[in-house]
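Enquirer: This is the structure, below, for whatever I ask next.
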Amino acid sequence: MKELKHLNKYFFKYKWHLIGGIIITIIARIFAILTPRFIGESTSAIERYINGETTSEAAVRSELMTNILLILGATIMAGLFTFLMRQAIIVVSRHIEFDLKNEVYQKYQDLSLNFYKKNRTGDLMNRISEDVSKVRMYAGPAFMYSIQTGILFIIVIPYMFLQAPELTLYAVAPLPILSFAIYKLSVAINYRSTIVQQYLSKLNTFTQETFSGISVIKSYGLEPQTNNGFVNLSNENKDKNIDLVKVQAFFFPLMVLLIGASNVLVIYIGGRKFISGEIDNLGIIVEFLLYVNMLTWPVATVGWVTSIVQQAEASQKRINEFLKEVPQILNPSEGHEDIKGSISFKNVSFTYEDTNITALKNVSFDVESGETLAIIGKTGSGKSTILELIGRLYDVESGEICIDGKNIREMNLRELRDSIGYVPQDAFLFSDSIGNNIKFGKADATQEEIVTAAKNAAVHRNIQGFSKGYDTVLGERGITLSGGQKQRVSIARAIIHDPKILLFDDSLSAVDTETEEEILNNLFKLSRNKTTIIVSHRISSVKNADKIIILEAGQVVQRGTHQELLGTEGYYKELYLKQLSEKEM
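The sequence shown begins at 1 in full-length UniProt numbering and counts up by one.
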């Protein structure tokens with residue numbers, strides 16, 4: 001239970017709701033146990049009339065009518081308070097589920113990129129959905145039924161014992177057996193349910209990947225193989241579900257069997273005692289039968305609740321593993337940062353923890369506020385790493401990065417990132433409207449601002465071509481758009497943010513040269529007072545930059561302006577001549 005201690009703060013938060021729920025539960029159980037008593041008294045009244053102990057038929061009818069009204073009243077009140085009990089306790093469990101999901105989600109946002117490289121998206125989703133749902137079952141139904149069962153036993157068993165001690169022992173004898181059997185059955189169901197969930201995850205993953213890659217499947221004519229894979233997984237999933245259903249099929253028959261055993265014992269033992277005169281009131285036997293049936297479900301839930309607690313603890317342990325993760329990137333300050341945009345790299349070296357690849361080695365350069373720096377180099381030379389380090393998505397292992405002369409490790413992380421407009425190499429768009437994807441850079445942007453940003457990114461005409469224009473809803477990861485359109489929408493998203501620093505990671509690779517020229521002209525106009533860093537493989541994208549650096553194997557091997565680099569033998573001049581010859585062909 002130690003893992004579930006994490007929930008104590010939520011129980012304390014909603015303590016008054018839970019205390020109220022417990023009080024309501026006590027009241028509901030008191031009204032519930034009155035019904036068997038009134039039925040027993042009615043049976044005794046009829047018995048006395050039959051035996052001639054009561055000669056007045058009117059008196060019997062009056063007593064029966066009074067008991068009927070009392071039974072109806074007690075039943076209605078028990079039902080009302082049971083409803084209120086569920087509203088108090090189950091609703092609290094939903095609040096705890098909401099709070100826990102938010103806590104996990106906030107933790108996910110705080111954790112560094114390395115965390116996401118080590119953990120699969122499906123596992124992250126499962127912990128915030130399935131695991132939290134299992135914990136909610138502990139905070140809601142398990143808590144409620146435990147309280148209900150405890151109160152019922154505290155009230156009913158002593159009352160039964162006072163009426164007929166020996167009969168009480170016989171009546172409740174099968175109940176522990178029922179509880180143990182349900183527990184063992186619940187463990188088996190839990191084991192098989194876990195397997196079913198695993199196969200369901202496999203089936204969902206296979207289906208999601210198939211739909212995402214449907215164009216590749218159709219292009220290569222892989223429909224038959226894909227269908228066979230799906231059929232095999234479906235059959236395995238079906239077999240595991242059948243295994244689960246076979247075990248679940250024992251649940252209610254077992255309950256009926258042991259309930260019947262209790263009833264048989266009450267009738268047999270109680271009947272013998274009535275015949276021998278040890279029990280002089282037939283109503284007690286009827287009353288006991290009703291109490292046994294009343295106790296049966298709560299006893300059955302003991303095993304079920306135990307299983308829920310086991311599942312909840314296992315799930316909370318998985319959740320706690322992530323909640324205990326310490327982010328590698330911490331915000332050192334909440335102070336205001338007046339960022340102007342000058343950037344300085346001083347002997348920066350960086351190695352990726354997950355691959356152990358050294359991306360940068362003693363890299364140094366300076367970019368003044370308002371200047372444009374271009375970075376060129378072969379694939380894997382460390383270009384994208386520089387942009388990620390500026391946004392402090394990772395921390396350097398040696399050297400330092402300064403903005404406006406201040407080490408970014410000492411800056412307010414939120415304000416640092418808020419001052420940056422970043423267009424990644426792989427443009428990511430959300431399954432939302434095009435307008436909202438652009439507004440992601442500025443939540444309160446007007447339609448006019450959205451259109452202006454789209455025009456500057458040379459994507460406005462494309463958007464107008466859609467039947468719903470800016471209200472066009474994109475498919476998953478922006479699949480509705482072409483590669484170039486996705487890049488330009490991402491550029492519009494960065495532009496509308498109006499940051500002090502603009503970072504473009506090869507974000508024009510999928511557009512034609514004419515569109516590239518239009519976007520670059522717009523960007524140079526917009527970035528006059530902004531610090532801009534452009535990563536590219538195209539000379540046409542970087543030739544107008546104030547400074548250009550060439551990276552090779554994580555080191556700066558050349559630096560200068562376009563003209564200076566053309567006058568020097570090296571990678572830049574070779575790339576320029578190669579691209580020039582390709583253009584002329």
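Ideal placement from N, C-alpha and C gives every residue a C-beta, glycine not left out.
Fair warning: this is a prediction, and the values are worked out from it, not measured in the lab.
Rounding to the nearest angstrom, what Cα-Cα distance links Glu397 and Lys346 in this structure?
Expert: Rounded to the nearest angstrom, the two C-alpha atoms are 12 Å apart.
Enquirer: Please check the pair Lys530 and Lys500, which I expect to be a contact at CB under 8 Å, by giving their CB distance rounded to whole angstroms.
Expert: The pair is a contact, with the Cβ atoms about 6 Å apart (cut-off 8 Å).
Enquirer: Which residues bound the beta strand (DSSP E) around Ala427?
Expert: No beta strand (DSSP E) holds Ala427; DSSP gives it neither H nor E.
Enquirer: Tell me which residues share the same chain as Ala454 and place their Cβ nearer than 7 Å to its Cβ, disregarding the 5 neighbours each side in the sequence.
Expert: Contacts found: Ile438, His460, Ile463, Ala492.
Enquirer: Between which residues of its own chain and Gly377 is the CB-CB distance below 7 Å, once the five residues before and five after are set aside?
Expert: Only Lys383, Ile550, Leu551, Glu552 meet the Cβ criterion.
Enquirer: On the criterion of 16 or more Cβ atoms from any shown chain inside 10 Å, does Thr301 qualify as buried, or is it exposed?
Expert: Buried, by the Cβ-count rule.
Enquirer: I believe Val256 touches Val292 by the beta-carbon criterion, under 8 Å. Please report the beta-carbon distance rounded to the nearest angstrom.
Expert: Not really, about 13 Å apart at Cβ, beyond 8 Å.
Enquirer: Cα-Cα, which of Leu502, Gln198, Thr568, Ile22 is closest to Glu371?
Expert: If we check each option's Cα against that of Glu371, Leu502 comes out closest.
Enquirer: Who are the near neighbours of Val556 in its chain, counting only those whose CB is closer than 8 Å to its CB and skipping five residues on each side?
Expert: Excluding positions up to five away in sequence, the list reads Val363, Ser364, Phe365, Ile549, Ile550.
Enquirer: Starting from Glu353, follow the alpha helix (DSSP H) in both directions and report where the run begins and ends.
Expert: It is not in any alpha helix (DSSP H) - Glu353 carries neither H nor E in the DSSP assignment.
Enquirer: For Asp243, does the three-state DSSP call read helix, strand or coil?
Expert: Note: Asp243 maps to helix in three-state DSSP.
Enquirer: Do Val92 and Leu18 have their CB atoms nearer than 7 Å?
Expert: A contact, by the Cβ cut-off of 7 Å.
Enquirer: Rounded C-beta distance between Thr306 and Ser186? I'm assuming under 8 Å.
Expert: That pair is a contact at about 7 Å.
Enquirer: Mind checking whether Met85 and Ile23 have CB atoms under 7 Å apart?
Expert: No. Outside cutoff.
Enquirer: Taking its Cβ as the centre, do 16 or more other Cβ atoms sit within 10 Å of Ala249, making it buried, or is it exposed?
Expert: By the neighbour-count rule (16 or more Cβ atoms within 10 Å), Ala249 is not buried but exposed.
Enquirer: In three-state DSSP terms, what is Gln225?
Expert: In the structure shown, Gln225 sits in a helix (DSSP, three-state: H, G or I).
Enquirer: When the Cα atoms are used, what is the spatial distance from Arg61 to Ser276?
Expert: Computed Cα separation, rounded: 29 Å.
Enquirer: How is the beta strand (DSSP E) around Glu400 delimited, first residue to last?
Expert: 398-403 is the extent of the beta strand (DSSP E) around Glu400.
Enquirer: Measuring CA to CA, which of Tyr14, Ile182, Asn281, Leu222 is closest to Glu97?
Expert: Glu97 has its Cα closest to that of Tyr14, out of Tyr14, Ile182, Asn281, Leu222.
Enquirer: Quick check on Asp395: does DSSP put it in helix, strand or coil?
Expert: It is coil, neither helix nor strand.
Enquirer: Using only alpha-carbon positions, find the residue among Ile284, Gly213, Thr43 that is nearest to Pro165.
Expert: Of Ile284, Gly213, Thr43, the residue nearest in Cα terms is Ile284.
Enquirer: When DSSP labels each residue in this structure, what does Arg120 get in the three-state scheme?
Expert: Correct three-state label for Arg120: coil.
Enquirer: By alpha-carbon positions, which one of Ile496, Val104, Leu474, Leu508 ends up nearest to Gln447?
Expert: Among Ile496, Val104, Leu474, Leu508, the Cα nearest to that of Gln447 belongs to Ile496.
Enquirer: Can you look up Tyr422 in the DSSP assignment and give me helix, strand or coil?
Expert: Looking at Tyr422 - three-state DSSP - the assignment turns out to be strand.
Enquirer: Starting from Gly554 and walking both ways along the alpha helix (DSSP H), at which residues does that stretch end?
Expert: Per DSSP, Gly554 belongs to no alpha helix (DSSP H) and is neither H nor E.
Enquirer: Would you tell me roughly how many angstroms separate the C-alpha atoms of Lys2 and Tyr220, rounded to the nearest one?
Expert: Near 53 Å, if we compare the C-alpha coordinates of Tyr220 and Lys2.
Enquirer: Is the number of C-beta pairs between the segment 137-144 and the segment 355-362 that are closer than 8 Å three or more?
Expert: The answer is no - the segment 355-362 does not touch the segment 137-144, with fewer than three Cβ pairs under 8 Å.
Enquirer: So, do the segment 407-418 and the segment 328-335 have three or more beta carbon pairs nearer to each other than 8 Å?
Expert: The answer is yes - the segment 328-335 touches the segment 407-418, with three or more Cβ pairs under 8 Å.
Enquirer: Give every residue of the same chain whose Cβ lies closer than 6 Å to the Cβ of Asn8, excluding the five residues on either side of it in the sequence, and list them in chain order.
Expert: Same-chain partners within the cutoff: there are none.
Enquirer: Could you work out which residue in Phe274, Ser536, Asn456, Ser467 is closest to Asp498 when comparing CA atoms only?
Expert: Looking at the Cα atoms, Asn456 is the closest of the given residues.
Enquirer: My assumption, with CB atoms under 8 Å, is that Ile420 sits in contact with Gly391. Please give the rounded CB distance.
Expert: Confirmed, Cβ separation roughly 5 Å.
Enquirer: Just to check my reading of the structure: Leu178 and Asn237 have Cβ atoms closer than 8 Å, yes? What is that Cβ distance to the nearest angstrom?
Expert: Going by Cβ atoms, the distance from Leu178 to Asn237 rounds to 32 Å, so no, they are not a contact pair.
Enquirer: Return the Cβ separation of Asp505 and Val542 in integer angstroms, given the expectation that the two are a contact with Cβ distance under 8 Å.
Expert: Actually they do not touch by this definition, with Cβ atoms about 13 Å apart.
Enquirer: Going by the beta-carbon positions, is the gap between Val423 and Ser507 smaller than 7 Å?
Expert: The answer is yes: Cβ separation under 7 Å.
Enquirer: Considering only the beta carbon of each residue, do Lys117 and Asp354 sit closer than 7 Å?
Expert: Contact: yes.
Enquirer: How big is the Cα-Cα spacing for Thr513 and Gln225?
Expert: If I take the Cα positions, the gap works out to 40 Å.
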